[in-house]
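Chains A and B, in that order, give the protein sequences. Going by my numbering, the letters in the first sequence line up with residues 99 to 339, in that order. Going by my numbering, the letters in the second sequence line up with residues 6 to 595, in that order. Heads up: the structure comes next, in structure tokens.
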Amino acid sequence: MFGIKLLLLALLSMYSFAVCSADKLTLVTYSEVPFATQTGNVKQGLVIEFIEALFKQTDLQYEILFFPLKRGMAMAESSLNTCVLPIERNQQREVHYSWIGPVMVSRYGLFSASPSQPPLVALNDAKLSSIGSFLGSGIGEYLTQFGYRVDLTNNDTLNVKKLQRGRIDFWAADLVSAKAIMRDNDIHFGEPKIIFFTSIRAMACHIDLPMATQKKLNDALLKLYQSGYMAQLHQKYGLSL
Amino acid sequence: MKLSLLKKCNLRLTILWSLISLSAHAQINTDGLKINQYSGLKVTSVVENTDIPEWIIQELHPSTLSLSEQRQELQWFKSQAVPFTGLTIRVVSEHIDTHLYESEVLAKAFYDLTGIHVIHELTGEDDVIKKISAQIVTGLNLYDAYINDSDLIGSHFRSGAITTISELLTFKSGQYTLPTLDLNDFIGLQFTRDPFGIIYQLPDQQFVNLYWYRSDWFENPRFKAQFKQQYGYELAVPQNWQAYEDIARFFTDDIKTIDGIRVYGHMDYAATDPSLGWRISDAWLSMAGVGDKGLPNGLPVDEWGIRVENCHPVGASVSRGGALNSPAAIYALDKYVDWLKYAPAEARSLTFSEAGKWLATGKIAQQIFWYSAFVSDLTQPNLPIVDAQGMPKWKVAPSPVGQYWQKGMKSGYQDAGAWTFLKNTPKDRQIAAWLYAQFLVSKSVSLKKTLVGFTPIRLSDIESDVMSKKAPYLGGLVEFYRSNARNVWTPTGSNVPDYPNMAGFWWQYVSKIVDGTYTPKQGLDAFAKRVDDHLAQLEQTMVDTQCAPKMNPIKAESFWLSQPGSPKPLDQSVIKGQTLPYEEAIRVWN
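See below:
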């Protein structure tokens, strides 16, 4: 009898876990100063503040995990109720996820280690150069697709060293993030030689995210834009166009 | 009703244009340039001492303008750009050869000419649409202008977010409108007007979906005899889907190999990708005959199967008077999926940009419709589909039509990528972008651009001697654009009130039909319901919007199927394959 009760209890526990985990969204983000950083248990940055504000408008539960971007994208593609953010929304990725966005708008530039190098007029002026980016980066994929020589690292910080040592000619990076990385590494490449791409970054969730949940989140996001919250948040982190 | 509106609009435009020409004339004189006079819209005088970088003149050859007219036109850009010199502006367009040339060469020419630095980004068309939507939603000045397909005209005129071309033409009395813009020379303006005649977008490039076939194989006496023996009629340009299917089967199953290479009688693409949706919404349904008669789009039911009443969309499902899940649409999807068996296995995993170039491999006998944006990819020397003299071994012709198609209906799709300006762009940046837009479509630039990307926008270019000489090398493209057919192959029209969101539904449902999750009927029933639900939502949110959806009540499908026109009842009649020699087939273009 006790055994049966124990079994029932176990089954009930498993059921509640399943229900809870079905209702709770796992949000995967990755270290990218100043948008998302984790020191010990402290998570901070634009993305963390955005998530808090977004979910406050809904009755949805969530947890935030930090993983490298590439892994986060794989998790959101394979696991129900899992999302990754912020990632560039583009045509190649469109069909693999359900999208909540735009979360943020990024501008990308090509940084050079040589201050005397004149600015580039068009992106194709860098056609013969080697350009550094990182794995999972949408801008790296973009440049590769257009036939540029792209050299990928595991994380963007490594590109600063590579550029400094002359192992790449340019570093393709998000402008705000690049400033923060340069500041943290006490390296200053100055202004980018060209600002060549604008990307819309969004939250990409598993393709089978219920339509009601997707609508709830997109409606909440629209309210954040309409209330002026998003503009303030972007301004706080230096995201201006 | 629509015709009279258009006539009124044309009259208004003529008057407007006369005013613009006069004011632009006055402005240039004020600036002290040596311009004698304009004869109508044509510049007849010569400007001396122009300071145009020589490489630009070299690059922009040939042009339908004389050298002095060209210098004068370029000088106008240089002069009008003075207030904006030093500004960096951003524009975005899809990634095709024409736009690549613009971003890599013409943007630099404009910079050297005017001092306005243009970052001309290239990306997928779906991204362009997402970015326009993002700028509207966030209010952020992401771009100063977009080159966006005119398929969005139904969204643009309802959105209230667009600075119309009509407004830009008259801004500051037309001070920034190129005197030689010559709107009447544009072949695609009817696609970028709303139902009331207002111009929302200015065409930058146009390409068309045409039937493509290997003329050398079709003229091969052995293949001709074998085909006639097996199918009972001539191997030639198919006029209906039965003939297309017979030819597909003939090359894939009967001929199988030519010179030891496996060949196929059909090519298409079917990867789960936004471009899968366009494949079907662009042309499959219109060729099948899903919509009503009417140009540029069927009225009251268009090729998306959406019915409008007095410009208000009222539903897409048959039960609301639409045709998206009608027998004609089911027939179209059924053939689309079934015929993939005649295509190479790779077709199922290809997208728009990948499939366009696939014909160059020399393994395909015909394709029901092919995007002419890829002409330059198929005319390169040393390809198996180009002969030793550089002449193509292929031709384009009108696509065969399906069982439900009737004369008076659109015959296929034409893409008109057009300049689009958003109201929430700072005015100085918008005007600088307006100058860049006009530069890219000016007569100084347009013929050269046409020769690079083969996406013509001006009648003067199409009718030029340069294009006459080029015509034999382009497989029939010039003949198409010189005929009235350019008005019968048309983009998505104004019935679609929310293209950015609704376009996404197509690939979601069609991909499930392709992978067998749904039958064509199940998939289209679900799809039509989704569109109806979305239209009903828009009816609630588009309060006070002109031409907002007003949903029809649900009625028995039999009611609508028994009314004249679309949605059309099931037609199970057996139609024999019919073909015509090339010369006769293209006569319908005249």
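Note that CB positions come from ideal geometry on N, CA and C, so glycine has one too. If you're wondering where the values come from, they're calculated on a predicted model, not measured in any experiment.
Assuming residue i is part of the beta strand (DSSP E), what are its boundary residues?
i, result
"Gln136 (chain A)", "135-137"
"Pro208 (chain B)", "207-219"
"Lys400 (chain B)", "399-402"
"Ser228 (chain A)", "228-232"
"Trp269 (chain A)", "268-272"
Under a three-way DSSP split, which group does residue i fall into?
i, result
"Arg263 (chain A)", "coil"
"Arg254 (chain B)", "helix"
"Leu585 (chain B)", "strand"
"Leu84 (chain A)", "Given a span of 99 to 339 for chain A in the structure shown, any question on residue 84 (chain A) remains unanswerable."
"His122 (chain B)", "strand"
"Val48 (chain B)", "Residue confidence is low: Val48 (chain B) scores 35 on pLDDT, short of 50, so the model does not pin down where it sits. Its coordinate-derived value is still stated next. In this structure, Val48 (chain B) counts as strand in the three-state DSSP scheme."
"Gly320 (chain B)", "strand"
"Thr242 (chain A)", "helix"
"Val131 (chain A)", "coil"
"Thr103 (chain B)", "helix"
"Leu329 (chain B)", "coil"
"Leu163 (chain A)", "strand"
"Gly336 (chain A)", "coil"
"Asn34 (chain B)", "In this prediction, Asn34 (chain B) scores a pLDDT of 31, lower than 50, which makes its location untrustworthy; no coordinate-derived value is stated."
"Ile298 (chain A)", "strand"
"Asn222 (chain A)", "helix"
"Thr180 (chain A)", "strand"
"Phe201 (chain B)", "coil"
"Asp249 (chain A)", "strand"
"Asn302 (chain B)", "coil"
"Ile57 (chain B)", "coil"
"Tyr269 (chain B)", "strand"
"Thr311 (chain A)", "helix"
"Ile279 (chain A)", "helix"
"Lys141 (chain A)", "strand"
Under 7 angstroms Cβ-Cβ, which residues of chain B neighbour residue i?
i, result
"Glu147 (chain A)", "Under the 7 angstroms cutoff, chain B gives no residues; its nearest Cβ is about 17 angstroms from Glu147 (chain A)."
"Ala220 (chain A)", "Ser108, Glu109, Ala112, Lys113"
What does residue i reach in chain A if we use C-beta pairs closer than 9 angstroms?
i, result
"Trp512 (chain B)", "Glu192, Val193"
The alpha helix (DSSP H) spanning residue i covers which residue range?
i, result
"Gly458 (chain B)", "448-458"
"Pro554 (chain B)", "First-last for Pro554 (chain B): undefined, no H or E at that position."
"Arg2 (chain B)", "The first residue shown for chain B is 6 and the last is 595, placing residue 2 (chain B) beyond what the model contains."
"Tyr195 (chain A)", "Taken as a continuous stretch (DSSP letters only), Tyr195 (chain A) belongs to no alpha helix (DSSP H), being part of the beta strand (DSSP E) at 195-209."
"Gln77 (chain B)", "72-85"
"Ile146 (chain A)", "144-154"
"Ser285 (chain B)", "Per the sequence shown, the amino acid found at residue 285 (chain B) is Ile instead of Ser. Element bounds for Ile285 (chain B): n/a, residue is neither H nor E."
"Arg312 (chain B)", "Where Arg312 (chain B) is concerned, there is no enclosing alpha helix (DSSP H), although the beta strand (DSSP E) it sits in stretches over 312-314."
Given that residue i touches chain A, what residues does it touch there, using C-beta distances under 7 angstroms?
i, result
"Lys135 (chain B)", "Arg187, Ile298"
"Arg284 (chain B)", "Those within 7 angstroms of Arg284 (chain B) in chain A number zero; the least Cβ separation is about 14 angstroms."
"Asp273 (chain B)", "Result: empty, since nearest Cβ-Cβ is about 18 angstroms, beyond 7 angstroms."
Under 8 angstroms Cβ-Cβ, which residues of chain B neighbour residue i?
i, result
"Phe294 (chain A)", "Ile124, Glu126"
"Pro200 (chain A)", "Ala139, Val142, Thr143"
"Val203 (chain A)", "Ala139, Thr143, Leu145, Leu147"
"Leu320 (chain A)", "Val142"
"Met328 (chain A)", "Thr143"
Could you name the residues of chain A that residue i contacts, counting a contact when the two beta carbons are closer than 8 angstroms?
i, result
"Gly129 (chain B)", "Asn188, Gln189, Gln190"
"Pro279 (chain B)", "Gln189, Glu192, Val193"
Please compile the residues from chain B whose C-beta is within a distance smaller than 9 angstroms of the C-beta of residue i.
i, result
"Tyr347 (chain A)", "This structure gives no information on residue 347 (chain A), because the portion of chain A shown stretches from 99 to 339."
Can you tell me whether residue i sits near the ligand COA, meaning its C-beta is under 8 angstroms from at least one heavy atom of the ligand?
i, result
"Ser227 (chain A)", "Inclusion of the ligand COA in the displayed structure is not the case, the ligand content being empty and no account of it being possible."
Taking only runs that begin and end inside the stretch 128-188 of chain B, name each unbroken beta strand (DSSP E) of 3 or more residues, in chain order.
Listed in chain order, they are 150-154.
Does the stretch 325-337 of chain A come close enough to the stretch 302-310 of chain A to have 3 or more Cβ pairs within less than 8 angstroms?
Under the 8 angstroms Cβ criterion, the stretch 325-337 of chain A does not count as touching the stretch 302-310 of chain A, having fewer than three qualifying pairs.
I'd like to know if the stretch 156-167 of chain B and the stretch 318-326 of chain A are in contact, where contact means that at least 3 CB-CB pairs between them fall below 8 angstroms.
The way I'd put it, the stretch 156-167 of chain B doesn't touch the stretch 318-326 of chain A; fewer than three beta-carbon pairs between them come closer than 8 angstroms.
Unbroken stretches of the beta strand (DSSP E), 3 residues or longer, contained in the stretch 343-395 of chain B
Correct list: 371-376.
Does the pairing of the stretch 222-236 of chain B with the stretch 182-194 of chain B give three or more beta-carbon distances under 8 angstroms?
Output reads no: the stretch 182-194 of chain B does not touch the stretch 222-236 of chain B.
Kindly confirm or deny that the stretch 398-416 of chain B and the stretch 202-211 of chain B touch, where touching means at least three C-beta pairs closer than 8 angstroms.
Result no; under three Cβ-Cβ pairs closer than 8 angstroms.
Touch test, the stretch 278-297 of chain B against the stretch 164-175 of chain B, Cβ-Cβ under 8 angstroms, three pairs minimum
The count of Cβ pairs closer than 8 angstroms, one atom from the stretch 278-297 of chain B and one from the stretch 164-175 of chain B, stays below three, leaving the stretches out of contact.
Touch test, the stretch 420-436 of chain B against the stretch 504-515 of chain B, Cβ-Cβ under 8 angstroms, three pairs minimum
No, the stretch 420-436 of chain B is not in contact with the stretch 504-515 of chain B.
Cβ contact (3+ pairs, closer than 8 angstroms) linking the stretch 143-161 of chain A and the stretch 326-333 of chain A
Contact between the stretch 143-161 of chain A and the stretch 326-333 of chain A is present, with at least three C-beta pairs closer than 8 angstroms.
Assess, as a yes-or-no matter, whether the stretch 338-349 of chain B is touched by the stretch 581-594 of chain B under the definition of 3 or more beta carbon pairs within less than 8 angstroms.
The answer is no - the stretch 338-349 of chain B does not touch the stretch 581-594 of chain B, with fewer than three Cβ pairs under 8 angstroms.
Tell me the start and end of each unbroken beta strand (DSSP E) in the stretch 405-482 of chain B that is at least 3 residues and wholly inside, in chain order.
Annotation: the stretch 405-482 of chain B contains the following complete segments of the beta strand (DSSP E) (minimum length 3 residues), in chain order: 419-427.
Touching or not, the stretch 97-116 of chain B and the stretch 200-213 of chain A, by the rule of three or more beta carbon pairs under 8 angstroms?
Not touching, per the Cβ criterion.
With a threshold of 8 angstroms, are at least 3 pairs of Cβ atoms found where one atom belongs to the stretch 112-121 of chain B and the other to the stretch 380-395 of chain B?
These segments do not touch.
Could you check whether the stretch 222-237 of chain A touches the stretch 301-318 of chain B, counting it as contact only if at least three pairs of C-beta atoms, one from each stretch, sit closer than 8 angstroms?
Judged by Cβ distances under 8 angstroms, the stretch 222-237 of chain A makes no contact with the stretch 301-318 of chain B, as fewer than three pairs qualify.
Any contact between the stretch 251-270 of chain B and the stretch 413-420 of chain B? By contact I mean 3 or more CB pairs, one from each, below 8 angstroms.
No contact exists between the stretch 251-270 of chain B and the stretch 413-420 of chain B.
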